[in-house]
Amino acid sequence: AQKVTQAQTEISVVEKEDVTLDCVYETRDTTYYLFWYKQPPSGELVFLIRRNSFDEQNEISGRYSWNFQKSTSSFNFTITASQVVDSAVYFCALSEAGFQKLVFGTGTRLLVSP
Amino acid sequence: EAQVTQNPRYLITVTGKKLTVTCSQNMNHEYMSWYRQDPGLGLRQIYYSMNVEVTDKGDVPEGYKVSRKEKRNFPLILESPSPNQTSLYFCASSFRDGSVTGELFFGEGSRLTVL
Chain U
1 AQKVTQAQTE
11 ISVVEKEDVT
21 LDCVYETRDT
31 TYYLFWYKQP
41 PSGELVFLIR
51 RNSFDEQNEI
61 SGRYSWNFQK
71 STSSFNFTIT
81 ASQVVDSAVY
91 FCALSEAGFQ
101 KLVFGTGTRL
111 LVSP
Chain H
1 EAQVTQNPRY
11 LITVTGKKLT
21 VTCSQNMNHE
31 YMSWYRQDPG
41 LGLRQIYYSM
51 NVEVTDKGDV
61 PEGYKVSRKE
71 KRNFPLILES
81 PSPNQTSLYF
91 CASSFRDGSV
101 TGELFFGEGS
111 RLTVL
């Protein structure tokens, strides 16, 4: 069975602080895909990244970076120099090859104050 | 513009009154799916469809029906809504390449309240 755990329910930081959102996953498959989505206060789901299980390279996109470690089954997301616009709920998700769904974590609410 | 369109965006209804939430995508995606989002539970899959006339249950299908008569449309039907179906609903679509491996495009969400 596949499972995604986001243990941090809510994180509060002050603008310009760095923040890391944790994601731990469980799967029996050797081929799988990991995702991060952002849900701003307006409610829509915004795709951030997809990573497959064979690519453990870390990725950086502007102030966003992702650390994928198969040894610890983690796919953590770091925002550098956070901004108020980063305030949102962030979801980590897992898709196994051959299964037809994304399994989502329960989300982490990030509050960035000025 | 590539998009997934859901209607209605907001709905308040009463127990037992049948309703349909429509979902339409303009990206020629084979795969479509419905999720519900509840506080503390994240998003959970209700039903999905790999192509026209092919649908299957997700994790929480009870109380819902779907159909896929056309590739672009995937309506969610609540035959007899109950208060525990009060939730935020998302429709999603993607290309099918053996599994949900590409980006899953989401609609803007439909907030349903059942009194």
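Line by line, the protein sequences give chains U and H.
Note that the working numbering has the first sequence beginning at 1, numbered continuously upward.
Note that the working numbering has the second sequence beginning at 1, numbered continuously upward.
All residues carry an ideal CB built from backbone N, CA and C; glycine is no exception.
- The beta-carbon separation of K38/U and A81/U, rounded to 17 Å, does not stay under the 8 Å limit for a contact.
- Counting every other CB atom within 10 Å of its CB across the protein chains shown gives G107/U a total of 16 or more, marking it as buried.
- The alpha carbon of R109/U has as its nearest neighbour, out of C92/U, S73/U, E96/U and K70/U, the alpha carbon of C92/U.
- Residue pairing by DSSP puts A88/U in a beta bridge opposite L110/U.
- Taking CB atoms only, E44/U has a neighbour in chain H less than 9 Å away.
- Residue state for Q57/U is assigned as coil, using DSSP reduced to three classes.
- Around the CB of A1/U, fewer than 16 other CB atoms lie within 10 Å, so the residue is classed as exposed.
- Beyond the five residues adjoining it in sequence on each side, K18/H comes within less than 6 Å, by CB distance, of E79 in the same chain, given in chain order.
- Under the three-state reduction of DSSP, T20/H is assigned to strand.
- Contact between V24/U and S74/U holds: CB atoms are separated by about 5 Å, below the 8 Å threshold.
- For A93/U, the nearest beta carbon of chain H is closer than 9 Å to its own beta carbon.
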